[in-house]
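Residue numbers (our numbering), protein chains in the order written: chain C, 125 to 350; chain W, 125 to 350. Even for Gly, the Cβ is constructed at its ideal location relative to N, Cα and C. I have placed the structure first, in the form of structure tokens, so that the comments after it can refer back to it.
Protein chains: 2
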Amino acid sequence: MPRETLNRDQIVEAAIELLDEAGVEGLSMRRLGKRLNSAATAVYWHVGDKGNLVVLAADRVWGEIELLDPAGTGWRTAARALVQDTYAMVERHPWLVQAISTHFVHGPGMARFQNHSYAVYEAAGFTGRDLDGAVNTAFTFVAGTALLDATRAAASRAKSTDVAAQADEIAATYPRLRERMEALGDVDPAELFSQEFAFGLETVLDGIEARLRGEGAAHAVRELSH
Amino acid sequence: MPRETLNRDQIVEAAIELLDEAGVEGLSMRRLGKRLNSAATAVYWHVGDKGNLVVLAADRVWGEIELLDPAGTGWRTAARALVQDTYAMVERHPWLVQAISTHFVHGPGMARFQNHSYAVYEAAGFTGRDLDGAVNTAFTFVAGTALLDATRAAASRAKSTDVAAQADEIAATYPRLRERMEALGDVDPAELFSQEFAFGLETVLDGIEARLRGEGAAHAVRELSH
DNA sequence: ACCTGAACACCGTTCAAGT
DNA sequence: ACCTGAACACCGTTCAAGT
Numbered sequence: 125m126p127r128e129t130l131n132r133d134q135i136v137e138a139a140i141e142l143l144d145e146a147g148v149e150g151l152s153m154r155r156l157g158k159r160l161n162s163a164a165t166a167v168y169w170h171v172g173d174k175g176n177l178v179v180l181a182a183d184r185v186w187g188e189i190e191l192l193d194p195a196g197t198g199w200r201t202a203a204r205a206l207v208q209d210t211y212a213m214v215e216r217h218p219w220l221v222q223a224i225s226t227h228f229v230h231g232p233g234m235a236r237f238q239n240h241s242y243a244v245y246e247a248a249g250f251t252g253r254d255l256d257g258a259v260n261t262a263f264t265f266v267a268g269t270a271l272l273d274a275t276r277a278a279a280s281r282a283k284s285t286d287v288a289a290q291a292d293e294i295a296a297t298y299p300r301l302r303e304r305m306e307a308l309g310d311v312d313p314a315e316l317f318s319q320e321f322a323f324g325l326e327t328v329l330d331g332i333e334a335r336l337r338g339e340g341a342a343h344a345v346r347e348l349s350h
Numbered sequence: 125m126p127r128e129t130l131n132r133d134q135i136v137e138a139a140i141e142l143l144d145e146a147g148v149e150g151l152s153m154r155r156l157g158k159r160l161n162s163a164a165t166a167v168y169w170h171v172g173d174k175g176n177l178v179v180l181a182a183d184r185v186w187g188e189i190e191l192l193d194p195a196g197t198g199w200r201t202a203a204r205a206l207v208q209d210t211y212a213m214v215e216r217h218p219w220l221v222q223a224i225s226t227h228f229v230h231g232p233g234m235a236r237f238q239n240h241s242y243a244v245y246e247a248a249g250f251t252g253r254d255l256d257g258a259v260n261t262a263f264t265f266v267a268g269t270a271l272l273d274a275t276r277a278a279a280s281r282a283k284s285t286d287v288a289a290q291a292d293e294i295a296a297t298y299p300r301l302r303e304r305m306e307a308l309g310d311v312d313p314a315e316l317f318s319q320e321f322a323f324g325l326e327t328v329l330d331g332i333e334a335r336l337r338g339e340g341a342a343h344a345v346r347e348l349s350h
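Put into structure tokens, the structure is as follows:
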């Protein structure tokens, strides 16, 4: 499978494949070189170093998110869809959380996404600092969900269910945790997670909506930055 | 500085020091061995491998969080304090986000923290699945803040402000982002972040409080799990 | 029970040398 | 302008051998 010359896009694409398969640790310049039929070190000419390559890959995947025009659907539907679609993207690329936690990712992909976020909450009626606040609150919720989901994924990657069993044993020594474990024992973990996600999402949107009506304690905070 | 024998606590303590200084990547078994005046490989006998050591360190730091009795202060004050204190802990240990994103951390430290979370929202009046929902929503907010803060920290670690300048240039090609950049140009980034944090926190607590009064769209979600 | 040292199979990155 | 190969300074981990 010969090719003219290497280029950035092609390298980033291959890197994303490797990242999806094996995570940040599993992406090595030597493995990447092999996949591209070139010397591992040839990649350096195009992307600088591994850190920068991870940043390029991380920014790229933000471009996969579908942007729904809030004018057609109403802001809350668009806001909900945006959070859900972002979460789906993160699930396709579980390495993204680690990438973001160790690198500053703010390229074209992120800018496109952020600009749309602003469009959604602008359509809701927010302006100025409140607009920043609303966008940021929703984004924080997605980020949190992604991070918690990454932990969960790490748990199922762990050798056997040994780790989970040990966690349960420890939790059982605390009264409230034991009570919840017993109450939730029958529920499928995946379904549980998705219900918690839905609950959290609507709760956050409710908080944002209350702010829109000038209600809620969040109102007082705004006075700080007048 | 001689010592009897190595032990787990001592190793985890030294590991946290190294993690605070240089992150997960900067923690190497050889460096750790040097700090403990022992062969790098001696550590393996006590903690298994590096992954498990990171998990032990990550669980340990959850124990640093102060737990405020909600009976004395009211649930909202206790909930707010818990989020703020957790965030402060994460700022002291910036590697925690990466550790959690790649490992399943559910030891005694986490259990203690989680049990207290349940106590706070139980004091607010939540029970059953709503209690899980409230605890999880608040925790998701802290997790998201931590992840976003890690990115920010990675930005300031990056060589010069080159990266940030480049990010601004890209953002400026989007109308809404450019507008916000111009509007916020004068504001100190650290102060901005802390105001967004306060806004988000109160917004999320407002959403949770609305749920407590049986208001809000989050109510409908609860029906799904009856 | 606890520790050491050598060894193995990897890494990311630099750089002179090639075309 | 783009690529190669050797080389350097690291990694995590295993394991026989020691006490």
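What residues from chain C crowd round residue i, counting only those whose CB sits closer than 7 Å?
i	result
Ile224 of chain W	Leu271 and Thr275
Asn260 of chain W	Glu320 and Gly324
Ala195 of chain W	Correct list: empty, because the minimum Cβ distance to chain C is about 15 Å.
Ala282 of chain W	Phe228
7 Å is my cut-off, CB to CB: does residue i come that close to chain W?
i	result
Gly187 of chain C	no
Val171 of chain C	no
Gly268 of chain C	yes
Pro313 of chain C	no
Ile140 of chain C	no
Gly340 of chain C	yes
Phe250 of chain C	no
Val214 of chain C	no
Ala182 of chain C	no
His350 of chain C	Unreliable placement is indicated for His350 of chain C, whose pLDDT of 38 sits below 50; no coordinate value is reported for it.
List, in order along the chain, the chain W residues whose C-beta lies closer than 8 Å to that of residue i?
i	result
Tyr298 of chain C	Ala235, Arg236, Gln238 and Asn239
Val287 of chain C	Phe228 and His230
Could you check whether residue j and residue i sit closer than 7 Å to each other, using their CB atoms as the reference points?
i	j	result
Trp199 of chain W	Val266 of chain W	no
Val207 of chain C	Leu325 of chain C	yes
Gly233 of chain W	Arg184 of chain W	yes
Ile224 of chain W	Val171 of chain W	no
Glu147 of chain W	Trp219 of chain W	At residue 147 of chain W the sequence reads Gly, which differs from the Glu that was named. Closer than 7 Å, so yes.
Ala288 of chain W	Ala277 of chain W	no
Leu308 of chain W	Asn239 of chain C	no
Val167 of chain C	Val229 of chain C	no
Gly331 of chain C	Thr201 of chain W	no
Ala235 of chain W	Ala282 of chain C	no
Glu188 of chain W	Met213 of chain W	yes
Under 7 Å, Cβ to Cβ, is there at least one residue of chain C near residue i?
i	result
Phe317 of chain W	no
Val244 of chain W	no
Arg335 of chain W	yes
Thr201 of chain W	no
Gly257 of chain W	yes
Ala279 of chain W	yes
Val221 of chain W	yes
Ala295 of chain W	yes
If residue i sits next to residue j, beta carbons under 8 Å apart, how far is it from one beta carbon to the other, in whole angstroms?
i	j	result
Ala139 of chain C	Leu177 of chain C	5 Å
His217 of chain W	Leu143 of chain W	7 Å
Glu320 of chain W	Asn260 of chain C	5 Å
Thr264 of chain C	Leu272 of chain W	6 Å
Arg204 of chain W	Leu336 of chain W	With 8 Å as the limit, Arg204 of chain W and Leu336 of chain W do not qualify as a contact, their Cβ atoms being about 15 Å apart.
Gly257 of chain W	Phe323 of chain C	4 Å
From which residue to which residue does the alpha helix (DSSP H) around residue i run?
i	result
Gln292 of chain C	Note on residue identity: the sequence assigns Asp, not Gln, to residue 292 of chain C. Run containing Asp292 of chain C: Asp286 to Ala295, per the alpha helix (DSSP H) assignment.
Asp209 of chain C	Trp199 to Arg216
His170 of chain W	Ala166 to Val171
Ile224 of chain W	Leu220 to Thr226
Asp310 of chain C	No alpha helix (DSSP H) holds Asp310 of chain C; DSSP gives it neither H nor E.
Tyr298 of chain C	Note, Tyr298 of chain C: premise wrong, no alpha helix (DSSP H); not H, not E.
Val266 of chain W	Gly252 to Arg281
Glu137 of chain C	Arg132 to Gly150
Just the chain C side, please: which residues come within less than 8 Å of residue i by C-beta, in chain order?
i	result
Leu301 of chain W	Ala235, Gln238, Asn239 and Tyr242
Ile332 of chain W	Thr327 and Gly331
Val229 of chain W	Thr275
Asp144 of chain W	Chain C residues near Asp144 of chain W: none, gap ~15 Å exceeds 8 Å.
Arg304 of chain W	Tyr242, Leu255 and Asp256
Ala247 of chain W	The premise fails here: Ala247 of chain W is roughly 11 Å from chain C at the closest Cβ pair, so nothing lies under 8 Å.
Name the chain W residues whose beta carbon is nearer than 9 Å to that of residue i?
i	result
Asp133 of chain C	None at all; the shortest Cβ gap to chain W is about 17 Å.
Residues of chain W with a CB under 7 Å from the CB of residue i: which are they?
i	result
Thr264 of chain C	Phe265, Gly268, Thr269, Leu272 and Gly324
Ala291 of chain C	His230
Does the ligand SAH have even one heavy atom less than 6 Å from the beta-carbon of residue i?
i	result
Ala163 of chain C	The ligand SAH is not among the ligands present in this structure, which contains no ligands whatsoever.
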